[in-house]
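Taking the working numbering, I'd label the letters of the sequence shown as residues 227 to 350. Single-structure report; data block below.
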Amino acid sequence: MIAIDEMLEASQGSTTAAGFDRCDLYVTVEPCIMCAGALSLLGFRQVYYGCGNDRFGGCGSILRVNEEGCGACSGHPPRGVHVGRGFPAQGGLFPEEAVELLREFYAAGNPAAPRPHRPVRKEP
């Protein structure tokens with residue numbers, strides 16, 4: 227398994243040369259709007275996810291970035307970037323299991339998370 231940033235570095239920043247158009251992505255939760263925009267710019271072939279994201283979903287729950295694509299972040303897209311390209315997304319793959327994975331993760335906490343700079347206020 228290779229990380230996205232490693233693929234981009236190996237292809238000198240070209241999403242076409244990186245071959246994202248031949249990659250399918252499997253994730254636990256529907257990508258948020260920002261992530262769906264990034265996936266659109268990278269040109270992924272297909273995205274599969276477990277449960278929807280009814281607060282920030284970018285593949286249909288809130289916005290359909292996956293269908294509409296994402297425009298360039300500036301006036302001139304980087305070399306090799308697919309501007310405006312959407313991608314097929316399929317949700318609902320083992321949604322109960324996806325939610326349970328999230329519950330377990332949040333219940334255990336993230337030991338690798340940095341300490342906050344200021345105290346976190348907890349509601350009583």
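Built from N, CA and C at the ideal position, the CB exists for glycine as well. Note that the structure is predicted; figures quoted are calculated from it, not measured.
- Three or more Cβ pairs drawn from the segment 252 to 262 and the segment 278 to 297 lie within less than 8 Å of each other, which places the two stretches in contact.
- In the structure shown, ARG311 falls within a coil segment according to DSSP collapsed to helix, strand and coil.
- Ranked by Cα distance from GLY295, the first of ALA262, ASN336 and MET233 is ALA262.
- For CYS277, the enclosing beta strand (DSSP E) covers residues 272 to 277.
- Boundaries of the alpha helix (DSSP H) around ASP231: 230 to 236.
- Contact check for ASP247 against TYR274 fails: the beta carbons are separated by 8 Å or more.
- ALA334 and LEU327 have their C-alpha atoms some 11 Å from each other.
- Per DSSP, LEU327 has no beta bridge partner at all.
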